[in-house]
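A.B. asks: Residue numbers (my numbering), protein chains in the order written: chain A, 1106 to 1655; chain B, 132 to 469. Where is the CB? At the ideal position from N, CA and C, for every residue including glycine. Quantities reported herein were computed from a predicted structural model and do not represent experimental measurements. The structure that follows is given in the form of structure tokens.
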Amino acid sequence: MDNHQIGLADQLRGLSRRQLLTRLGVAGGIAVAAPFLDACSSSSAPSGGAGSSAASSINVTWTNVALPTNVDPAIGYDSDTLQLVRNVYEGLLEYVPGGTSVRPALATSYTVSPDGTTYTFQLRKGVVFHDGAKLDADAVVTSLNRIREIDQGPASLLTNLKGFSASGPDTVVIELTAPYAFLPGVMPWLPVVSPDALKAHSTSGDPHAEKWFASNSAGTGPYQMTSFSPTTSITLTQNKHYWQPWTAGTPTAGSLTLNANVATQLELLQAGQVDFLGAISPDNAATAKTLSNVALLLQPGFEVQILPLNMMRAPMDNPKVREAVIKAFNYSAFKTFNKGFGTSANSPVPPGLPGWDSTIPDPAQDLAAARQLIASAGVPSGTTLDFIGVGGLDYETFAGTVLQSTLEPLGFKVNVSTPQWPIPATLMSKASTAGHITFLNLSANTNDPSVVIREAWSSANLATKGGYNWSNYTNAQLDSDLTAFGATSSAADQKTIITRMQQTIVADNTAVFAFAPQLTEPVARKWRNSKYDALFDENVVRWFYCKSAD
Amino acid sequence: MTFTAQFVARRLGAAVLVLLVVISGTFLLSHAIPADPARAAAGLHAGQAQVQAVAHQLGLDQPLWNQYLTYMGDVLRGNLGISYVSRTSIEPQLAAALPATLELVLCSFLVCAIFGVIAGMAQAWWPRKAGTRLLRGTSILGTALPVFWFAIILQLVFAARLNWFPIEGRLGADTLPPPHLTGFYTVDALLSGQWSAFGDAVIHLVLPVLSLVAWMFALTSRVAERSFATELTRPYVQTAVARGVSSSRLLWRHVLRNALNPIITMLGLQFGWLLAGTILVEVVFSWGGLGSVMYTALQNFDYPMIEAITLVITVAFVVVNLVVDLLYPVVDPRIRRQ
């Protein structure tokens, strides 16, 4: 299934037969062109126009354990920063709130060349930045080049990139060195900044105005930053010249506030002093469910929690031992720990993400089989296994506890250590300090399902090279499949390849697929119809698409 | 050279040595941690090439001794460096956060010093009264409570449940900060005549100050009690009593001055402990001072920020203790004569 079709499928869901036929006709008539569809569904393309405010004033507060300390959209790339960036800046395309399909934002349509290496975007007319600068192709190209040259944060998503250019005042061309069918899914992560601000604040020593953009903003988004105090709060206010109309019930201003204690956050939510929260643990989600003024939003998390089995360290180099660990793991205990907020993980691709293979059976504990495998592997009793998790994440510590309780009766001794991030990454990069078993949260950051596989199983990302392939798994066929998957636009080929990759990784016993957590977000009851952006493990909410239910 | 000049020179020399040791120690210890701050700075999703680029940009690919010399050179020139996380100069961030912390610490210090000394005096004067015993027991209990836990309990009970005090922050959402003069909201509000902002700032101080004071109060009152009790056994006290000097005059004019030396020493040390202890309280109450910045820096292995805040706290500690040292001869003429 190619990327545009994945998006289309989501967009078409819920339409009437007549609407469906009309749109299929339009889509069929333009061959390789991929203009977006106006629709009245939740995934419809936002319409341009209004800008002025018809909405009454609604001020919302989002509180979290951390606030962004640098709000440059070319650098900030964590969920704390993205909560601001995604409300202040926009890309050429955007994800449907809570979904995996893309739709127009600053571009109204795009076309793809027959060889899949050239994407041409038509820009929306009449869009202005917060500082009054006009959006045009040069502004977009300058902004995209800025991301590329700073080479941090979202630049890691630029795959096979050859260059950006403007082929007209409203036309932006992106050329690739090789086809990449999922480029549209990357575009929401490439925010466009004001060319005037860039020009005004760049210097010879700081050509990208990084100092200014670290604590100031100038985007096209529905909100503009009015104050920045990363130790207390950041305030945003309505962009009255926004290209989409403001409707009743839409937040017109907001604050991002700091609160290190989640129990306090929940108290504030219950007291009506806070509207939205950042990420919370399953325990806190369960507590939130009991609060009268709070609604708990449940959405697909597009994330799997895995325990990579390091094949570089004996006895994990023995497939039987790896299989035994997978069979011994107590999956139901892990699900109980997560208060049931999620589902089993059966493969590297998170459930619900396009391309996920639902036919792979869910893993289940089978201690008898595990014992038999260990006996046949000839592993001496008392063999020590080192588990390394990340400190401060209770589910990783719990994974260590589960391993101890299940593997020690089978004759292993399990050492659990949970140092603070990024110490585990440093330990895993050296053969002498790497653990036998570790923990990874694999989150889909775009609608390209192969990204999670590339991150944790490609030979280019081996732990010894500083990557997240903490299984130290190498498979030439898999590497080749990863290249082929993004290059083809044939839906059938994509399905064949992504299915094969998932089945290979599972069959080779590379990791324990422990759990696929849901996105659980408590919000003030009046925001119960809102959607968080689950891609990227973000826990980010775009306020403009929230409507008060009161 | 006069005695005072010699005294000050010796203390200043010791202060410089302490600062050098602390700066070097903090630098070496933070770099001894087997973490890669470049990876933390580059972000969770950064590829290895990006991590290396960040390491190069931040100078983390240089040999340790080279990084140390660069850092020391910068510090001596008054440049505290660039935060690995925010990628901006540290000085403005500290300048923004420092007044918040100092306001909290100074308020706590004053409350602790005034009420601790009075409590110590009362305990020494009426050692066996039920009220005194209760006060002593309560203050010891305060010391035994972990400060972060006590802060959370205060917050949950008095802010969330009873709604007597605000739950967090330095001002309410509806109160505009007063014009920046000192950075202390209470002082700035007073100076600009914004009484409602002053009231709001004071009420926001109550729970954080109580959290910090509870921790320190017992020590202050116990040291004060011991010092007053010792003085009350001196012959000059018996002579004064025999001459019919009133109790209040005896305590405030005679005993207090003689009992002050150990109390001043302890208060000087307490100021440093308050600066360090404020980290957890600031985090609980979202105070937005040095403690909050330090907490974030520790989580992100932001070495330059950690080193800068440690330096600020050390300088404050050294300065306060230098002032304490200089106060001895003022308070006690016997030291001047020595």
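Listing by chain order, which chain B residues have their CB less than 9 angstroms from the CB of Leu1532/A?
C.D. replies: The residue you call residue 1532/A lines up with position 427 of the first sequence. Under the 9 angstroms cutoff, chain B gives Pro165.
A.B. asks: Please return the same chain residues whose Cβ sits closer than 8 angstroms to the Cβ of Leu1478/A, not counting the five positions on each side in sequence.
C.D. replies: The residue you call residue 1478/A lines up with position 373 of the first sequence. Taken in chain order, the residues that qualify are Lys1425, Val1426, Glu1428, Ala1429 and Lys1432.
A.B. asks: Hey, is the segment 1544-1552 of chain A in contact with the segment 1434-1446 of chain A, meaning 3+ C-beta pairs nearer than 8 angstroms?
C.D. replies: Short answer: they don't touch.
A.B. asks: Would you mind sorting Thr427/B into buried or exposed? The rule is 16 or more other CB atoms within 10 Å of its CB.
C.D. replies: Here residue 427/B is taken as the residue at index 296 of the second sequence, counted from 1. That one is buried.
A.B. asks: State the DSSP-derived secondary structure class of Ser1334/A, mapped to helix, strand or coil.
C.D. replies: For the purposes of this step, residue 1334/A is taken as the residue at position 229 of the first sequence. In the structure shown, Ser1334/A sits in a strand (DSSP, three-state: E or B).
A.B. asks: Assign Phe1439/A to one of three DSSP states: helix, strand, or coil.
C.D. replies: Taking the first sequence and counting its residues from 1, one reaches residue 1439/A at position 334. Three-state result, Phe1439/A: helix.
A.B. asks: Looking at the structure shown, is Trp1351/A part of a helix, part of a strand, or coil, going by DSSP?
C.D. replies: Along the first sequence, one-based indexing puts residue 1351/A at 246. Of the three classes helix, strand and coil, the one that applies to Trp1351/A here is strand, per DSSP.
A.B. asks: For Leu398/B, name the three-state secondary structure that DSSP assigns.
C.D. replies: The count along the second sequence starts at 1 and reaches residue 398/B at position 267. The answer is helix: DSSP assigns Leu398/B an H, G or I state.
A.B. asks: Under 7 angstroms Cβ-Cβ, which residues of chain A neighbour Arg170/B?
C.D. replies: Along the second sequence, one-based indexing puts residue 170/B at 39. In chain order: Pro1527 and Ala1530.
A.B. asks: Count the other CB atoms within 10 Å of the CB of Glu1626/A; is the residue buried (16 or more) or exposed (fewer)?
C.D. replies: In the first sequence, the residue the question calls residue 1626/A occupies position 521. Under this definition Glu1626/A is a buried residue.
A.B. asks: Quick check on the burial criterion: 16 or more other C-beta atoms within 10 angstroms. Buried or exposed for Asn1634/A?
C.D. replies: Along the first sequence, read from residue 1 onward, the residue named residue 1634/A stands at position 529. Asn1634/A should be labelled exposed.
A.B. asks: Pick from Val242/B, Tyr202/B and Ala228/B: whose alpha carbon is nearest that of Gln401/B?
C.D. replies: The residue you call residue 401/B lines up with position 270 of the second sequence. Considering only alpha carbons, the answer is Val242/B.
A.B. asks: Tyr1182/A touches chain B at which residues, Cβ-Cβ below 7 angstroms?
C.D. replies: As a working mapping, residue 1182/A is identified with position 77 in the first sequence. Those are Gly174 and His176, listed as they occur along chain B.
A.B. asks: Which residues in chain B sit within 8 angstroms of Leu1363/A, going by Cβ to Cβ distance?
C.D. replies: By 1-based counting over the first sequence, the position of residue 1363/A is 258. Here the neighbours are Ser417, Gly419 and Ser423.
A.B. asks: For the structure I just gave you, are there three or more beta carbon pairs, one from the segment 1174-1191 of chain A and one from the segment 1210-1218 of chain A, closer than 8 angstroms?
C.D. replies: Because the criterion of three Cβ pairs below 8 angstroms is not met, the segment 1174-1191 of chain A and the segment 1210-1218 of chain A do not touch.
A.B. asks: Beta carbons nearer than 7 angstroms to chain B: which residues of the segment 1549-1572 of chain A have them?
C.D. replies: Within the segment 1549-1572 of chain A, the residues whose Cβ lies closer than 7 angstroms to some Cβ of chain B are Asn1550, Lys1570, Gly1571 and Gly1572, listed in chain order.
A.B. asks: Determine which residues of the segment 285-301 of chain B have a Cβ less than 9 angstroms from any Cβ of chain A, and write them out in chain order.
C.D. replies: Those residues of the segment 285-301 of chain B that come within reach of chain A (Cβ to Cβ, closer than 9 angstroms) are Gln286, Leu287, Ala290, Ala291, Arg292, Asn294, Ile298, Glu299, Gly300 and Arg301.
A.B. asks: Quick check on Gly1445/A - is its C-beta less than 9 angstroms from some C-beta in chain B?
C.D. replies: Residue numbering aside, residue 1445/A sits at position 340 when the first sequence is read from its first letter. No - not a single Cβ of chain B is within 9 angstroms of the one on Gly1445/A.
A.B. asks: Please classify Lys1432/A: does DSSP put it in a helix, a strand, or coil?
C.D. replies: On the first sequence, residue 1432/A is found 327 positions in, with the first residue counted as 1. Looking at Lys1432/A - three-state DSSP - the assignment turns out to be helix.
A.B. asks: Any C-beta of chain A sitting closer than 9 angstroms to the C-beta of Ala328/B?
C.D. replies: Here residue 328/B is taken as the residue at index 197 of the second sequence, counted from 1. Judged by the 9 angstroms Cβ criterion, Ala328/B is not in contact with chain A.
A.B. asks: Do you know how far the Cα of Leu457/B is from the Cα of Gln137/B?
C.D. replies: Residue mapping note: residue 137/B aligns to position 6 of the second sequence, counting from 1. Residue mapping note: residue 457/B aligns to position 326 of the second sequence, counting from 1. If I take the Cα positions, the gap works out to 12 angstroms.
A.B. asks: Could you check whether the Cβ of Lys1631/A sits closer than 9 angstroms to any Cβ belonging to chain B?
C.D. replies: In the first sequence, the residue the question calls residue 1631/A occupies position 526. Answer no: the Cβ-Cβ gap between Lys1631/A and chain B never drops below 9 angstroms.
A.B. asks: With distance defined between alpha-carbon atoms, name the residue in Ile1493/A, Thr1216/A, Ser1218/A and Ala1581/A nearest to Ser1564/A.
C.D. replies: On the first sequence, position 459 is the one that residue 1564/A refers to. The residue with the shortest Cα to Cα distance from Ser1564/A is Ala1581/A.
A.B. asks: Just to make sure I have the definition right: I need the residues of chain B whose C-beta is within less than 7 angstroms of the C-beta of Gly1258/A. Which are they?
C.D. replies: Along the first sequence, one-based indexing puts residue 1258/A at 153. In chain order: Gly174.
A.B. asks: Would you mind working out which of Arg1418/A, Val1399/A, Phe1434/A and Leu1401/A sits nearest Ile1411/A, comparing C-alpha positions?
C.D. replies: Here residue 1411/A is taken as the residue at index 306 of the first sequence, counted from 1. The residue with the shortest Cα to Cα distance from Ile1411/A is Phe1434/A.
A.B. asks: If you pair each beta-carbon of the segment 1296-1306 of chain A with each one of the segment 1238-1253 of chain A, do three or more pairs fall below 8 angstroms?
C.D. replies: The answer is yes - the segment 1238-1253 of chain A touches the segment 1296-1306 of chain A, with three or more Cβ pairs under 8 angstroms.
A.B. asks: Please state whether DSSP places Pro1293/A in a helix, a strand or coil.
C.D. replies: Along the first sequence, read from residue 1 onward, the residue named residue 1293/A stands at position 188. Correct three-state label for Pro1293/A: helix.
A.B. asks: What residues match up with Gln1582/A in a beta bridge as DSSP calls it?
C.D. replies: By 1-based counting over the first sequence, the position of residue 1582/A is 477. In the DSSP output, where bridge partners are listed per residue, Gln1582/A has none listed.
A.B. asks: Let me check understanding here. Comparing Cα to Cα, which of Ala253/B, Val139/B and Ala186/B lies closest to Thr351/B?
C.D. replies: Indexing the second sequence from 1 puts residue 351/B at position 220. Among Ala253/B, Val139/B and Ala186/B, the Cα nearest to that of Thr351/B is on Ala253/B.
A.B. asks: What does the alpha-carbon distance come out to for the pair Arg142/B and Ser358/B?
C.D. replies: Within the second sequence, residue 142/B is the residue found at index 11, counting from 1. Within the second sequence, residue 358/B is the residue found at index 227, counting from 1. So the two alpha carbons sit approximately 25 angstroms from each other.
A.B. asks: Report buried or exposed for Pro258/B, applying the criterion of at least 16 other Cβ atoms within 10 angstroms of its Cβ.
C.D. replies: Mapped onto the second sequence, residue 258/B falls at position 127. Label assigned to Pro258/B: exposed.
A.B. asks: Quick one: which chain A residues come within Cβ less than 9 angstroms of Ser217/B?
C.D. replies: In the second sequence, counting from the first residue as 1, residue 217/B sits at position 86. Ordered by position in chain A, the residues that pass the 9 angstroms Cβ test against Ser217/B are Pro1173, Thr1174, Asn1175, Ala1319, Ser1320 and Pro1335.
A.B. asks: According to DSSP, is Ala1639/A part of a helix, a strand, or is it coil?
C.D. replies: In the first sequence, the residue the question calls residue 1639/A occupies position 534. Coil at Ala1639/A, not helix or strand.
A.B. asks: What are the residues in the segment 327-361 of chain B lying within 9 angstroms of chain A by C-beta distance?
C.D. replies: The residues in question: there are none.
A.B. asks: My assumption, with CB atoms under 8 angstroms, is that Tyr1436/A sits in contact with Ala1469/A. Please give the rounded CB distance.
C.D. replies: Looking up residue 1436/A in the first sequence gives position 331. Looking up residue 1469/A in the first sequence gives position 364. Correct: roughly 6 angstroms between the Cβ atoms.
A.B. asks: Just the C-alpha distance for Pro1713/A and Trp1575/A, rounded to the nearest angstrom, thanks.
C.D. replies: Only positions 1106 to 1655 of chain A appear in the structure, and residue 1713/A is not among them; the question remains open.
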